[in-house]
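Enquirer: Protein chains in written order, with my numbering: chain A, 53 to 705; chain B, 0 to 228.
1. Output, in sequence order along the chain, the residues in the stretch 107-140 of chain B whose CB is closer than 8 Å to any CB in chain A.
2. For a contact defined as C-beta to C-beta under 8 Å, what are the partners of residue 178 of chain B on chain A?
3. What is the rounded straight-line gap between the Cα of residue 229 of chain A and the Cα of residue 374 of chain A?
4. Compare the C-beta of residue 51 of chain B against all C-beta atoms of chain A and say whether one is closer than 8 Å.
5. At 7 Å on the CB atoms, spell out the chain A contacts of residue 87 of chain B, in chain order.
6. Just to confirm the assignment, what range does the beta strand (DSSP E) spanning residue 623 of chain A have?
7. CB-CB under 6 Å to residue 526 of chain A, same chain, minus the five flanking residues each way: which ones, in chain order?
8. In chain order, what residues of the same chain have a beta carbon less than 8 Å from the beta carbon of residue 114 of chain A, not counting five sequence neighbours either side?
9. Thinking C-alpha only, which one of A/307, A/224, A/524 and A/502 is nearest residue 417 of chain A?
10. What's the call for residue 268 of chain A, buried or exposed, on a 16-neighbour Cβ count within 10 Å?
11. When DSSP labels each residue in this structure, what does residue 580 of chain A get in the three-state scheme?
12. Opposite residue 71 of chain B in the DSSP bridges: which residues?
13. For residue 428 of chain A, count neighbouring Cβ atoms within 10 angstroms of its own Cβ and tell me buried if that reaches 16, exposed if not.
14. Going by other Cβ atoms of all chains shown within 10 Å of its Cβ, with 16 needed for buried, is residue 135 of chain B buried or exposed?
15. What's the C-alpha gap between residue 559 of chain A and residue 663 of chain A?
16. Would you list, in chain order, the members of the stretch 512-534 of chain A that have their beta-carbon closer than 7 Å to a beta-carbon of chain B?
17. Just how far apart, CA to CA, sit residue 438 of chain A and residue 263 of chain A?
18. Of all the options A/561, A/221, A/646 and A/171, which has the alpha carbon lying nearest to the alpha carbon of residue 362 of chain A?
19. Under 8 Å, CB to CB, which of the residues in the stretch 556-572 of chain A have a partner in chain B?
20. Just to confirm my understanding: we take residue 37 of chain B, look at its own chain, exclude 5 residues before and 5 after, and list those with CB closer than 6 Å. What are they?
21. Only counting runs of 4 or more residues, tell me where the alpha helix (DSSP H) segments fall wholly within the stretch 497-541 of chain A, in order along the chain.
22. Do you know offhand how far residue 239 of chain A's Cα is from residue 209 of chain A's?
23. At a CB distance below 8 Å, what residues from the stretch 178-197 of chain B approach chain A? Give them in sequence order.
24. Have a look at residue 475 of chain A and residue 465 of chain A and give me their C-alpha separation to the nearest angstrom.
25. Which residues, in chain order, does the stretch 593-612 of chain A contribute to contact with chain B at a C-beta distance below 8 Å?
26. Can you name the residues of chain B whose CB is closer than 8 Å to the CB of residue 574 of chain A?
27. Within a Cβ cutoff of 6 Å, which residues of the same chain sit near residue 187 of chain B, ignoring the five residues on either side of it in sequence?
28. With distance defined between alpha-carbon atoms, name the residue in A/320, A/291 and A/407 nearest to residue 307 of chain A.
29. For a contact defined as C-beta to C-beta under 9 Å, what are the partners of residue 175 of chain B on chain A?
30. Does DSSP classify residue 552 of chain A as helix, strand or coil?
31. In the DSSP assignment, find the unbroken beta strand (DSSP E) run with residue 357 of chain A in it and report its ends.
32. Starting from residue 196 of chain A, trace the beta strand (DSSP E) both ways and give me its first and last residue.
33. Report whether the distance from the Cβ of residue 183 of chain A to the nearest heavy atom of the ligand SAH is below 7 Å.
34. Use the C-beta contact count for residue 389 of chain A: other C-beta atoms within 10 angstroms, 16 or more gives buried, fewer gives exposed.
35. Enumerate in chain order the residues of its own chain whose CB-to-CB distance from residue 139 of chain A is below 8 Å, with the five nearest sequence positions on each side excluded.
36. What is the C-beta distance between residue 297 of chain A and residue 192 of chain A, in whole angstroms, given that I count them as a contact (C-beta under 8 Å)?
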């Protein structure tokens with residue numbers, strides 16, 4: 053992996069463009085839906101309230117004193133109380149005019165009210181929502197809806213009274229409307245989704261981000277994954293503190309501090325992530341950002357939350373500014389074509405900064421979205437946007453790995469083919485070599501055997517020294533010799549026994565015709581004898597010569613051929629005896645050509661040849677040759693190359 | 000011309016040998032020469048026209064190999080004995096003829112007595128065989144069974160598996176003895192059967208080899224898509 057994941061990459065811009073388009077459409081649809089939700093024709097927004105303090109225990113009484121000082125405020129109303137101040141009880145009165153008494157149920161919608169209280173219309177109680185008490189801290193994030201029975205309403209001026217208590221901290225009352233229940237109900241549902249459910253969704257996204265990238269970081273140790281996991285965790289924590297609306301009073305400081313710290317950590321992590329994605333990962337700046345983020349919670353803690361209102365207008369905007377600067381740096385680098393965060397990340401970062409500004413608005417008296425927490429939308433989207441390039445990077449990496457593996461496989465296959473080809477070539481050349489040897493052997497054989505025999509016969513015939521009978525005899529011998537050669541060639545598959553058998557079949561009728569009984573004892577012979585044709589032919593020739601000698605010269609009555617294999621393993625010997633009971637070899641024949649040929653042939657193949665002869669007892673030709681196991685080198689044509697094994701070994705290297 | 004005369008046709012392109020074989024048969028009263036052919040075309044006409052018991056055929060004909068003729072005759076006229084006339088009786092010629100359906104072979108330079116006795120043996124239900132041919136038949140059958148032929152030296156005689164080996168144990172034994180150079184008489188003595196039975200076994204082996212190779216050829220042809228199924 054040569055590239056950091058999350059960097060833009062041209063090869064995958066197409067699917068990303070589609071993704072952007074989908075995101076844009078979703079956003080448009082949401083905005084349209086939101087605007088539809090805001091459009092309210094028949095409802096009456098309440099814009100003014102009269103504020104009067106009550107004795108702290110007045111809440112218990114149903115009828116509050118009306119002699120308190122009235123102060124008028126415009127809605128939306130944001131106010132805060134210093135830490136440590138006691139509970140305040142107030143009666144808030146709002147007025148609305150009706151042209152006529154409606155004939156259907158009406159309702160009161162509190163889009164954004166951090167406080168609960170008792171609610172009455174025209175002095176009639178319509179409902180209560182849990183409010184701050186000595187033991188209970190309440191900070192409502194969800195909208196509230198109370199129904200108003202139509203008969204309670206009167207033509208002309210109507211009064212809505214809220215009796216509530218509030219403790220230290222920031223408070224808000226905004227988006228108070230009355231109207232037909234059916235209409236407000238759907239508005240209430242929308243607000244509930246926007247304010248409350250969306251934060252749950254955001255928390256889920258943050259949780260998933262934290263889990264996925266935390267796991268990734270544990271596996272791979274990449275800093276970006278860690279930052280994303282931390283950001284996810286921070287946002288999850290923030291959502292947790294935000295979603296807890298009712299708690300024991302003692303829990304208020306830690307929950308508030310936790311929320312503050314979580315938000316600050318989220319912003320800081322985000323800023324650092326953006327800078328790192330711009331490859332501006334400088335330790336010092338990161339420390340500064342981190343310390344600044346820690347400053348707010350630290351001051352809040354040190355001042356027992358006294359400093360919170362000041363932090364709200366200084367430190368919180370400054371934190372947002374840091375994120376904005378990091379985003380700006382990214383945008384600048386992107387326009388300059390430098391290494392920068394992915395465009396999607398930058399777009400969402402800008403949106404996040406804007407959302408932060410919107411959420412800060414009420415502090416400076418500017419309420420753009422009617423109190424809908426914009427950051428709660430933008431932050432999870434930011435997390436998702438940051439995750440997208442990372443995921444893309446991983447996908448790309450996986451594709452690259454797959455491609456690399458495929459290429460490797462192709463190369464291995466090519467190498468394999470090459471090896472195979474080489475071995476085939478080797479085999480081929482081996483085969484050619486064997487063929488050449490074979491051809492040379494046959495040529496040599498024709499030269500020595502048939503050729504010279506025909507040649508000398510031709511001389512005799514030309515001299516006119518042969519009778520027809522002799523001529524036929526000469527030709528018959530020539531053919532016999534050729535048959536021997538052919539049998540020897542056929543004996544390629546280690547078939548000495550069969551070749552000798554063929555010799556027997558040819559010779560037997562002739563011996564019988566000459567009045568000789570041939571006994572052929574091959575019982576001691578194994579089924580197959582491994583001998584090279586180079587050796588088979590001389591053996592055949594020697595046996596034929598011995599039989600021919602017996603036929604021509606011995607005047608024997610019986611000839612016995614005994615074939616046997618003796619010994620085992622390397623010491624295995626082929627033992628051939630051709631014995632006749634004739635007159636023996638006479639003096640004048642002892643040095644004859646036939647016997648000399650037999651000896652020469654035996655010598656050539658390294659065999660022992662013994663000829664025992666006694667007058668009128670007979671002659672025994674005894675041939676003995678080692679046959680031992682055939683090694684591959686002495687058996688051409690059977691190259692034992694295990695190609696597969698060699699390829700396997702090459703593959704492993 | 001008596002009914003028990005053996006009727007013979009000769010397919011041989013060399014005039015000298017044709018004449019020689021014709022002479023041998025003519026001079027034998029128990030045999031009758033029905034016709035001779037010098038090439039495949041003539042032979043085909045002769046085969047279509049005449050009824051005969053034995054066909055002597057040379058493989059190397061001027062207009063093609065005699066193997067096709069052997070195959071068609073052995074399929075169309077299963078009662079006919081086909082005898083291949085060969086110069087050397089070498090395994091390649093003989094085994095492919097046997098696979099095509101021939102049940103005997105004879106060397107070209109055989110004596111008249113040999114020729115006559117070979118034909119008689121064939122008609123009597125036997126087949127002559129030389130050791131090298133016996134060995135080749137064994138090898139051909141083993142290679143059918145999936146055993147390697149070249150490796151037979153290093154892996155001695157695989158035990159024939161029953162489902163692939165068309166030969167009975169007795170037939171295999173006879174072939175093995177023949178391959179060692181034993182004569183029919185000797186084999187008969189060893190196995191306690193008559194020499195005639197030995198040759199009858201050989202003829203059966205030849206038939207099996209032919210049928211087996213035919214089945215194999217059909218299988219291979221259908222594998223190659225040559226036959227419509």
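Here a beta-carbon is modelled for each residue, glycine too, at the ideal position from N, C-alpha and C.
Expert: Working from what's here:
1. 108, 110, 113, 129, 130, 131, 133, 134, 135 and 138
2. 547, 549, 550, 553 and 579
3. Residue 229 of chain A and residue 374 of chain A: Cα-Cα distance of roughly 38 Å.
4. Residue-level contact check: residue 51 of chain B does not touch chain A, since none of the beta carbons of chain A fall below 8 Å from its beta carbon.
5. Residues of chain A whose Cβ lies closer than 7 Å to the Cβ of residue 87 of chain B are, in chain order, 535 and 538.
6. Unbroken run through residue 623 of chain A: none, as it is neither H nor E.
7. 509
8. Bear in mind that a pLDDT of 48 at residue 114 of chain A, under 50, signals an unreliable position, so the number given afterwards is only what the model happens to contain. 177, listed in sequence order.
9. A/224
10. buried
11. coil
12. DSSP lists no partner for residue 71 of chain B.
13. buried
14. With 16 or more neighbouring CB atoms inside 10 Å of its own CB, residue 135 of chain B falls in the buried class.
15. So the alpha carbons of these two residues sit roughly 21 Å apart.
16. 531
17. 15 Å
18. A/221
19. 556, 557, 560, 561 and 572
20. 12
21. 504-514
22. Between residue 239 of chain A and residue 209 of chain A, the C-alpha separation is close to 24 Å.
23. 178, 179, 180, 181, 182 and 185
24. 15 Å
25. Interface annotation for the stretch 593-612 of chain A against chain B: empty, criterion Cβ-Cβ distance under 8 Å.
26. Those are 179, 180 and 181, listed as they occur along chain B.
27. Hits under 6 Å: 193, 194 and 197.
28. A/291
29. 579
30. helix
31. Where residue 357 of chain A is concerned, there is no enclosing beta strand (DSSP E), given that its DSSP letter is neither H nor E.
32. 196-200
33. Because no ligand of any kind appears in the structure shown, any question about the ligand SAH cannot be addressed here.
34. exposed
35. Result list for residue 139 of chain A: 108, 184, 185, 186, 217, 218 and 219, in chain order.
36. Going by Cβ atoms, the distance from residue 297 of chain A to residue 192 of chain A rounds to 5 Å, so yes, they are a contact pair.
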